[in-house]
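Everything below concerns the one structure shown next.
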Amino acid sequence: MTERSVARRDVLAALAALACSGTTAVVAEPLPSLIARVKRSVVAVGSYGLMDTPRFGFRAAGFAVADGLHVLTNAHVVPEETPGRIDRSIAVQVWLGDDQWQLRSATLLGRDLRNDLALLAIDGPVVPALKLAAQDAAEGTAIALMGFPIGNALGQVHATHRGIVSAWTAIATPAGSPAGLNARTVRQLRDGAFKVMQLDAIAYPGNSGGPVLDIETGEVVGVLQGGAIKGTKEAALSAPTGISYAVPASAAAALLAEYRR
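Residue numbers (the working numbering): 63 to 323.
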């Protein structure tokens, strides 16, 4: 038997074993299809002010989860609510397709300041929900992140960037001086370092709070926090480093479970 015949026999045997086992290979959703589907789940998070111009003030991205009436985003972008104040409130805009957006009121359910996560409840019809991955993404996983880079400066348009999970990085933010101590840094000092995903993908202001998707499964593996910058905040636009960070989906799932009991 020739070497080619042996190789062909082995391939046929493997295919036959797979068929007998009843196992079906998972076929990844094409990226254009994945983007088109996820767009309807990614919302713009901000505030609505009766005296503001424009009335909707964009702050970051967010995405629908669970029953489609809950939205995950970053904690630091959610405007503070003032009891009794009715002229400004938390709001989201939902994409309806064909450049049509629908304004929805939102309520802050809870925050995870350590992981910079916030959970909102929104009113109105159900928004298609994204699924949170059950396991952390391995280094080298191909990912796509979606948001609204530079916010309204380029128009409120979904944009997608590709990359990989380049590393899992231990992070802690000790204060450089007593003046830098606040509730968040004190909590991080007490709880110690924790890990976030380092991504080989460019992210801009406006991408924060958006989903990080596993391209193979379409599941959310992280919530984008932001990107590493050189120098001032303006450098995020003029000289992006191409390094971004995201909180793992497991932290988002824990916050969701806490407030949906």
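Think of the CB as a built atom: it goes at the ideal place given N, C-alpha and C, for glycine as much as any other residue.
Exposure label - residue 164; buried when at least 16 CB within 10 Å: Burial state of residue 164 is exposed, judged by a 10 Å Cβ sphere holding fewer than 16 other Cβ atoms.
Cα-Cα separation between residue 104 and residue 191, rounded to whole angstroms: Approximately 9 Å, taken between the alpha carbons.
Completely contained beta strand (DSSP E) runs for the region 161–207, where each covers 3 or more residues: With a minimum length of 3 residues, the unbroken runs of beta strand (DSSP E) contained wholly in the region 161–207 fall at 162–174, 179–184.
Residue 217 classed as buried or exposed, judged by whether at least 16 other C-beta atoms fall within 10 angstroms: Exposed is the call here.
Those residues which DSSP pairs with residue 96 across a bridge: According to DSSP, residue 96 bridges with nothing at all.
Secondary structure of residue 138, DSSP reduced to three states: Residue 138: helix per DSSP, three-state reduction.
For residue 308 and residue 287, believed in contact at Cβ under 8 Å, the rounded distance: Taking the Cβ atoms as the reference, residue 287 lies roughly 6 Å from residue 308, within the contact range of under 8 Å.
For residue 260, the residue or residues it bridges with in DSSP: DSSP output for residue 260 lists 229, 307 as bridge partner(s).
8 Å contact criterion, which residue 226 and residue 182 should meet: CB distance rounded: About 29 Å separates the Cβ atoms of residue 226 and residue 182, ruling out a contact at the 8 Å cut-off.
Proximal residues to residue 172 (C-beta, below 7 Å), its chain only, five neighbours per side dropped: Excluding sequence positions up to five before and after residue 172, its CB lies within less than 7 Å of the CB of 181, 317, 320, 321, all in the same chain and listed in chain order.
Exposure of residue 121, with buried meaning 16 or more beta-carbon neighbours within 10 Å: Under this definition residue 121 is a buried residue.
Helix, strand or coil at residue 312 [DSSP, three-state]: Reduced to three states, the DSSP call for residue 312 is helix.
Buried/exposed call for residue 209, threshold 16 Cβ in 10 Å: Looking at its Cβ environment, which holds 16 or more other Cβ atoms inside 10 Å, residue 209 is buried.
Where residue 321 falls: helix, strand or coil (DSSP): In the three-state reduction of the DSSP assignment, residue 321 falls in the helix class, which pools H, G and I.
Where residue 130 falls: helix, strand or coil (DSSP): The three-state secondary structure of residue 130, taken from DSSP, is coil.
Cβ neighbour criterion (16 or more within 10 Å) applied to residue 285: Its Cβ being crowded by 16 or more others within 10 Å, residue 285 is buried.
Endpoints, beta strand (DSSP E) assigned at residue 152: Looking at the DSSP string, the run of the beta strand (DSSP E) that includes residue 152 is 150–159.
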